[in-house]
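I have placed the structure first, in the form of structure tokens, so that the comments after it can refer back to it.
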Amino acid sequence: MKHLTRVILLTTVNILLFSSLPSHSKSLSSQASQLKFALGELQLRRNDPARQKAFLAAFPKNARDFNRLFNSASRDELWDGNPYIFELESVVQNNPQQGFEIVLGLASQLTWAPDAPNYLQFALMKISIDNPFEFAKQYEGLSEKQRKNVVKFLTESKNGPAVGYRQLIGILKRVNKKAVAQELEKAL
Numbered sequence: 092m093k094h095l096t097r098v099i100l101l102t103t104v105n106i107l108l109f110s111s112l113p114s115h116s117k118s119l120s121s122q123a124s125q126l127k128f129a130l131g132e133l134q135l136r137r138n139d140p141a142r143q144k145a146f147l148a149a150f151p152k153n154a155r156d157f158n159r160l161f162n163s164a165s166r167d168e169l170w171d172g173n174p175y176i177f178e179l180e181s182v183v184q185n186n187p188q189q190g191f192e193i194v195l196g197l198a199s200q201l202t203w204a205p206d207a208p209n210y211l212q213f214a215l216m217k218i219s220i221d222n223p224f225e226f227a228k229q230y231e232g233l234s235e236k237q238r239k240n241v242v243k244f245l246t247e248s249k250n251g252p253a254v255g256y257r258q259l260i261g262i263l264k265r266v267n268k269k270a271v272a273q274e275l276e277k278a279l
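In my numbering, the protein residues as written are 92 to 279.
Structure representation (structure tokens):
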């Protein structure tokens, strides 16, 4: 029942949000149009693996594209990344490997900031707490520089470490991923 209520609420918010915005259909880039379409299709059938894969394929994979789509100063693309990033969070539950590749890849390139990077930080913490083994596996596969950037992204925000950062460290210790936990703990 909670899931159905959340789906109805998110759909209503998205309809209200997108209907109140000026139409960008002619000015959106190809990448923004593809992502917007993929989100719409996914919202029609959230459990469809093909739609989930299409959404992941359309999601930006690097900081430049992420910021252009969601953090543009001119707000000429998908200026509010919230619905896209939080949909990514739910898609990762069924596609953890590909989802973590995207989210950790972005976190290793981005600097924390309000709005879209903050949403991404929140989503990364949520999926990492829910999937500590996949987080540890993907994190260990990053270069040392990328790992340092991920830690910096998760710890250097307006109010200090991301909500859930200490919880993730505790979970990693309990599931015997102590080396990863210690690396994250050094930043505290």
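All residues carry an ideal CB built from backbone N, CA and C; glycine is no exception. No experiment lies behind these values; they were computed from the predicted model shown.
Please report how far the alpha carbon of residue i lies from the alpha carbon of residue j, in whole angstroms.
i	j	result
Q200	R265	29 Å
K239	V271	12 Å
L135	A129	10 Å
A145	L211	19 Å
N291	D206	What is shown of the chain runs 92 to 279, which leaves residue 291 out entirely.
A141	V194	19 Å
P151	S121	12 Å
S163	N153	14 Å
G251	F157	23 Å
L279	M216	16 Å
V254	T246	9 Å
Measure how close the beta-carbons of residue i and residue j come, nearest whole angstrom, since I'm counting them as under 8 Å.
i	j	result
L179	K127	Not a contact, Cβ separation roughly 14 Å.
V241	A198	5 Å
G190	L147	7 Å
L275	I260	5 Å
Could you check whether the segment 230 to 241 touches the segment 175 to 189, counting it as contact only if at least three pairs of C-beta atoms, one from each stretch, sit closer than 8 Å?
no
* To do: Return the chain-ordered ranges of every alpha helix (DSSP H) run that is complete within the segment 194 to 250 and spans a minimum of 4 residues.
  => 207 to 221, 223 to 231 and 235 to 246
Can you list the alpha helix (DSSP H) stretches of 4 or more residues lying completely in the segment 118 to 167, in chain order? 121 to 135, 140 to 149 and 154 to 161
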